[in-house]
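Here's the structure, in structure tokens; my notes come after.
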Amino acid sequence: MAQSQGWVRRYAKAFCKGFFVAVPVAVTFLDRVACVARVEGASMQPSLNPGGSQSSDVVLLNHWKVRNFEVQRGDIVSLVSPKNPEQKIIKRVIALEGDIVKTMGHKNRYVKVPRGHIWVEGDHHGHSFDSNSFGPCGTAQLLCPKDLDGIFVLVGLEMITAAI
Amino acid sequence: MSFMKLKAISTPLTVINFINNNNKKSGQWWQSLHRTMLRGVLGKTFRLVGYTIQYGCIAHCAFEYVGGVVMCSGPSMEPTIQNSDIVFAENLSRHFYGIQRGDIVIAKSPSDPKSNICKRVIGLEGDKILTSSPSDFFKSHNYVPTGHVWLEGDNLQNSTDSRYYGPIPYGLIRGRIFFKIWPLSDFGFLRDSPNGHRFSDD
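Residue numbers (this note's numbering), protein chains in the order written: chain A, 14 to 177; chain B, 8 to 209.
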């Protein structure tokens, strides 16, 4: 009787120890370093999701690169949608703060990007909900840029490393 | 005769062996001492690094998903929060989308992503906000767009808030402040807004 109890207690102790080590480290890693996400939608064709609805791309999100909120023009980034905070959108950075953008479909023809903001657009113009709809977006909403040198694109059962 | 020869040969050999062994032993003794010391130091360092990483990750998870202690600076929330007050902020409302009108929130500044601002939520999406100053004759209203909130400080004369930079997206909110820790004379839950007239009724 005492031996079986001892076994249960030891097991519970080991489980708690492992749980409190593994879960915070894993969560911190996924939040701060990198995580994997699936791309849905056609707003970034042909760079992402060229196959449309048949095959969704799986990408590696690199959080470490934006820990100081520094992005370059041309980076593909993932950010919280300004219209719906529960949704995350993937777009390309077109202009940084201080740049003047010629818009396509925005209410103003030319827009100067204010301080602390960026202008994002999808590659598939016309099929994209981006800064042409909601204007310049705050840099703090950035989640992470895509790892530009190593995006793994899942096509059926093959894995191709595509450099963009 | 051969026995004597053997002994003659073996004795110096034994002596040489003995000396060699001693040297080897003392050399080995030094080596093993160094190795143990090094292993001990390395082991302790690795254990220290491991504990630091583990507690760092636990702290990150706690601050990100539960809450933390924040020190506020600036005059824009007087008299509710004075300069250099220490308050307790929780992040659960943000993740469960439970921020309401009248809550004091911490958000990332829209003009500088590395700094935080601390203001009160006046309007959620769809609310009608009075944007003209009280001295204007014609009052103008604006509706808060979807996915945005309207923030204002309690110290209306000395606060840069949504009246200056417009509504901010909900995604910039970091957490909700609900309890003051320091100064002890003001310990407790935070008061309601002194500018109740700014809240729209409809």
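C-beta atoms are modelled at their ideal positions from N, C-alpha and C, and glycine is treated no differently.
Open item on the list: For Ser146/A and Arg22/A, what's the separation of their Cα atoms in angstroms?
Closed with: Position 133 of the first sequence, counted from the start, is the residue given in the question as residue 146/A. Position 9 of the first sequence, counted from the start, is the residue given in the question as residue 22/A. Each residue's alpha carbon lies about 59 Å from the other.
Open item on the list: 7 Å is my cut-off, CB to CB: does Pro59/A come that close to chain B?
Closed with: Counting from 1 along the first sequence, the entry for residue 59/A is found at position 46. Closer than 7 Å: no.
Open item on the list: Counting C-beta neighbours from all protein chains within 10 Å, is the total for Ala108/A 16 or more, i.e. buried, or is it exposed?
Closed with: Residue 108/A sits at position 95 when you count from the first residue of the first sequence. The residue is buried, with at least 16 neighbouring Cβ atoms inside 10 Å.
Open item on the list: Between Gly182/B and Gly74/B, how many whole angstroms is the CB-CB distance? I'm expecting something under 8 Å.
Closed with: The count along the second sequence starts at 1 and reaches residue 182/B at position 175. The count along the second sequence starts at 1 and reaches residue 74/B at position 67. Gly182/B to Gly74/B, Cβ: 6 Å. Contact.
Open item on the list: I'd like to know whether the C-beta atoms of Lys126/B and Leu179/B end up nearer to each other than 7 Å.
Closed with: Numbered from 1 along the second sequence, position 119 holds the residue referred to as residue 126/B. Numbered from 1 along the second sequence, position 172 holds the residue referred to as residue 179/B. Going by C-beta atoms, Lys126/B is not nearer than 7 Å to Leu179/B.
- [ ] Just the C-alpha distance for Val38/A and Lys120/A, rounded to the nearest angstrom, thanks.
- [x] Start at 1 with the first residue of the first sequence, and residue 38/A comes out as number 25. Start at 1 with the first residue of the first sequence, and residue 120/A comes out as number 107. If I take the Cα positions, the gap works out to 46 Å.
- [ ] Would you mind telling me which residues of chain B sit closer than 9 Å to Asp44/A, beta carbon to beta carbon, in chain order?
- [x] For the purposes of this step, residue 44/A is taken as the residue at position 31 of the first sequence. Per Cβ cutoff of 9 Å: His67, Cys68, Glu71.
Task: Contact set for Ala153/A: own chain, Cβ-Cβ below 8 Å, skip 5 residues either direction - done: The residue given as residue 153/A occupies position 140 in the first sequence. Around Ala153/A: Phe82, Gly129.
Task: According to DSSP, residues forming a beta bridge with Met78/B - done: In the second sequence, residue 78/B corresponds to position 71, counting from 1. Looking at the DSSP assignment, Met78/B forms a beta bridge with Ile93/B.
Task: Gly74/B: CB within 6 Å of a non-hydrogen atom of the ligand ATP - done: Here there are no bound small molecules, and the ligand ATP is not part of this structure.
Open item on the list: Between which residues of its own chain and Thr151/A is the CB-CB distance below 7 Å, once the five residues before and five after are set aside?
Closed with: In the first sequence, the residue the question calls residue 151/A occupies position 138. Residue 151/A is actually Gly in this sequence, not Thr. Correct list, in chain order: Gly129, His130.
Task: Amino acids of chain B, ordered along the chain, whose beta-carbon sits closer than 8 Å to that of Ser146/A - done: Here residue 146/A corresponds to residue number 133 of the first sequence, with the count starting at 1. Within chain B, no residue comes near Ser146/A; the closest Cβ sits about 11 Å away, beyond 8 Å.
Task: Reduced DSSP secondary structure (H/G/I, E/B, other) of Pro176/B - done: Numbered from its first residue, the second sequence carries residue 176/B at position 169. In this structure, Pro176/B counts as strand in the three-state DSSP scheme.
Task: Distance between Ser68/A and Asn62/A (C-alpha atoms, nearest Å) - done: Along the first sequence, one-based indexing puts residue 62/A at 49. Along the first sequence, one-based indexing puts residue 68/A at 55. If I take the Cα positions, the gap works out to 7 Å.
- [ ] Reducing DSSP to helix, strand and coil, say where Ser91/A ends up.
- [x] As a first step, residue 91/A is located in the first sequence; it is residue number 78 there, counting from the start. In the structure shown, Ser91/A sits in a strand (DSSP, three-state: E or B).
- [ ] Scan the stretch 176–202 of chain B and note each continuous beta strand (DSSP E) run of 3 residues or more that stays entirely inside, going in chain order.
- [x] 180–189
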